[in-house]
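2 protein chains.
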Amino acid sequence: MRIFHCEMEITLDVIGGKWKGLILYYVIQKPRRTGELKRLVHNISQKMLVQTLRELEADGLIHRKMYNQVPPKVEYSTTELGQSLEPIFKLLCNWGANYADESYAPDEIEILHLK
Amino acid sequence: MRIFHCEMEITLDVIGGKWKGLILYYVIQKPRRTGELKRLVHNISQKMLVQTLRELEADGLIHRKMYNQVPPKVEYSTTELGQSLEPIFKLLCNWGANYADESYAPDEIEILHLK
DNA sequence: CAGTATCCCCAGAGATACTG
DNA sequence: CAGTATCTCTGGGGATACTG
Numbered sequence: 001m002r003i004f005h006c007e008m009e010i011t012l013d014v015i016g017g018k019w020k021g022l023i024l025y026y027v028i029q030k031p032r033r034t035g036e037l038k039r040l041v042h043n044i045s046q047k048m049l050v051q052t053l054r055e056l057e058a059d060g061l062i063h064r065k066m067y068n069q070v071p072p073k074v075e076y077s078t079t080e081l082g083q084s085l086e087p088i089f090k091l092l093c094n095w096g097a098n099y100a101d102e103s104y105a106p107d108e109i110e111i112l113h114l115k
Numbered sequence: 001m002r003i004f005h006c007e008m009e010i011t012l013d014v015i016g017g018k019w020k021g022l023i024l025y026y027v028i029q030k031p032r033r034t035g036e037l038k039r040l041v042h043n044i045s046q047k048m049l050v051q052t053l054r055e056l057e058a059d060g061l062i063h064r065k066m067y068n069q070v071p072p073k074v075e076y077s078t079t080e081l082g083q084s085l086e087p088i089f090k091l092l093c094n095w096g097a098n099y100a101d102e103s104y105a106p107d108e109i110e111i112l113h114l115k
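Here is the structure:
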């Protein structure tokens, strides 16, 4: 039996933590391969990437599709539940952009958009 | 010079981490005293509570008002920037409630709302 | 009551090597 | 390329005691 003290705790239990938010952010945009995520999520180790992906999968937020080929190919995509976070994540990004505008001088911050 | 790779990283830099989300959640609802937060944010230590409050204050999300009286009284409230998270946090809570509905059997979860 | 100062620990995370 | 297995380690965070 899991005990929570408000709905926010539930949400944070599922998408909180050091890496979940960022990984979800990229998988929500479009299906992503493992190596792609490793490149996008700066500084994450192979270990933490796989571990976090397993947790997101176990919680029903993403789906893991494996192609039986050599070399191996795996693609992660959102489930319906995971994709339902998309509008919220968009708001969170907008908020962050606005925060940067208000709280950083132009020469104190740089945003390097990867593709 | 701070480097980010997407707007999401900025947001997570400000409101990510183990305790910030939950503390903000309660302060957004209404001004809160220290002891009140300690009671609401389950399992947080005095040290982490104060430390996190200082970070939120330094990042301009909350304001600390001190009453010069004995015994001391301190009240934390949101700044305009902090309060601008309110609609997003509401969505996050709704999402968590919906997640609980979909992913937990009724006897696997309990939500103890404190006041 | 609110906050500081210490001490200290261990789980979470990094590094490396290896496999199919 | 994707993933596992180990080993290591460090710093985030817990516990405690103390102050104004």
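Listed in order, the protein sequences are those of chains A and B.
The first sequence begins at 1 in full-length UniProt numbering and counts up by one.
The second sequence begins at 1 in full-length UniProt numbering and counts up by one.
Every residue gets a Cβ at the ideal spot worked out from N, C-alpha and C, and that includes glycine.
If you're wondering where the values come from, they're calculated on a predicted model, not measured in any experiment.
For the stretch 29-45 of chain B against the stretch 40-57 of chain A, are there 3 or more C-beta pairs whose distance is under 8 Å? Contact fails: fewer than three Cβ-Cβ distances are below 8 Å.
Applying a beta-carbon distance threshold of less than 9 Å, which residues of chain A neighbour Leu53(B)? On the second sequence, residue 53(B) is found 53 positions in, with the first residue counted as 1. Neighbours of Leu53(B) on chain A: none; closest Cβ ~17 Å, over 9 Å.
Less than 8 Å between the CB atoms is what I'm expecting for Thr79(A) and Gly60(A), so what's the real figure, rounded? As a working mapping, residue 79(A) is identified with position 79 in the first sequence. As a working mapping, residue 60(A) is identified with position 60 in the first sequence. The pair is a contact, with the Cβ atoms about 6 Å apart (cut-off 8 Å).
Going by CA-CA distance only, name the one from Glu86(B), Glu75(B), Glu9(B) that's closest to Glu57(B). As a first step, residue 57(B) is located in the second sequence; it is residue number 57 there, counting from the start. Residue Glu75(B) is the option with its Cα nearest to Glu57(B).
Can the beta-carbon of Ser77(A) be found closer than 8 Å to that of Pro31(A)? The sequence position of residue 77(A) within the first sequence is 77, counting from 1. The sequence position of residue 31(A) within the first sequence is 31, counting from 1. Yes, the Cβ-Cβ distance between Ser77(A) and Pro31(A) is below 8 Å.
Once DSSP output is grouped into helix, strand and coil, what is the label at Ser103(A)? Here residue 103(A) corresponds to residue number 103 of the first sequence, with the count starting at 1. Reduced to three states, the DSSP call for Ser103(A) is helix.
So with Cβ pairs under 8 Å, would you call Asn76(A) a contact of chain B? For the purposes of this step, residue 76(A) is identified with residue 76 of the first sequence, where counting begins at 1. In the sequence under discussion, the amino acid at residue 76(A) is Tyr, which differs from the Asn named in the question. Under the 8 Å criterion on CB atoms, Tyr76(A) is classed as non-interfacial with respect to chain B.
Under the rule that 16 or more other beta-carbon atoms within 10 Å means buried, what is Leu22(A), buried or exposed? Mapped onto the first sequence, residue 22(A) falls at position 22. With 16 or more other Cβ atoms within 10 Å, it is buried.
Near Met48(B), what residues of its chain come up, given a Cβ to Cβ distance below 7 Å and the 5 sequence neighbours on each side ignored? Position 48 of the second sequence, counted from the first residue, corresponds to residue 48(B). So the qualifying residues of the chain are Trp19.
Can you tell me where the beta strand (DSSP E) holding Val74(B) begins and where it ends? Reading the second sequence from its first residue, position 74 is the one you call residue 74(B). According to the DSSP assignment, Val74(B) belongs to the beta strand (DSSP E) that extends over 73-78.
Comparing the C-beta of Gly96(B) with each C-beta of chain A, is any distance below 8 Å? Within the second sequence, numbered from 1, the residue matching residue 96(B) stands at position 96. Judged by the 8 Å Cβ criterion, Gly96(B) is in contact with chain A.
Along chain B, in chain order, which residues have C-beta atoms closer than 8 Å to that of His113(A)? For the purposes of this step, residue 113(A) is identified with residue 113 of the first sequence, where counting begins at 1. In chain order: His5, Cys6.
Do Met1(B) and Glu108(A) count as a contact pair if the criterion is CB distance below 8 Å? What you label residue 108(A) is simply residue 108 of the first sequence in a count that begins at 1. What you label residue 1(B) is simply residue 1 of the second sequence in a count that begins at 1. Less than 8 Å divides the Cβ of Glu108(A) from the Cβ of Met1(B).
By the 10 Å Cβ neighbour count, where 16 or more other Cβ atoms means buried, how is Ala105(B) classified, buried or exposed? As a first step, residue 105(B) must be located in the second sequence, where it is residue number 105. Classified as exposed, Ala105(B) has fewer than 16 neighbouring CB atoms from the shown chains inside 10 Å of its CB.
Residues near Lys38(B) by beta carbon distance below 8 Å, same chain, minus five either side: In the second sequence, counting from the first residue as 1, residue 38(B) sits at position 38. Hits under 8 Å: Ile44, Gln46, Leu49.
Buried or exposed for Ile3(A), going by 16 or more other Cβ atoms inside 10 Å? Against the first sequence, residue 3(A) aligns to sequence position 3. Residue burial annotation: Ile3(A) is exposed, with fewer than 16 other C-beta atoms found within 10 angstroms of its C-beta.
Any idea what DSSP makes of residue 116(A), helix, strand or coil? Because residue 116(A) is not part of the residues shown, which for chain A are 1 to 115, the question remains open.
Report the partner residues of His5(A) according to the DSSP bridge assignment. Sequence index remark: in the first sequence, residue 5(A) carries index 5 (1-based). Paired residues: none, contrary to the question.
Hey, Tyr26(B) and Ile10(A): beta-carbon distance below 8 Å or not? One-based indexing of the second sequence puts residue 26(B) at position 26. One-based indexing of the first sequence puts residue 10(A) at position 10. No, Cβ-Cβ distance for Tyr26(B) and Ile10(A) is not below 8 Å.
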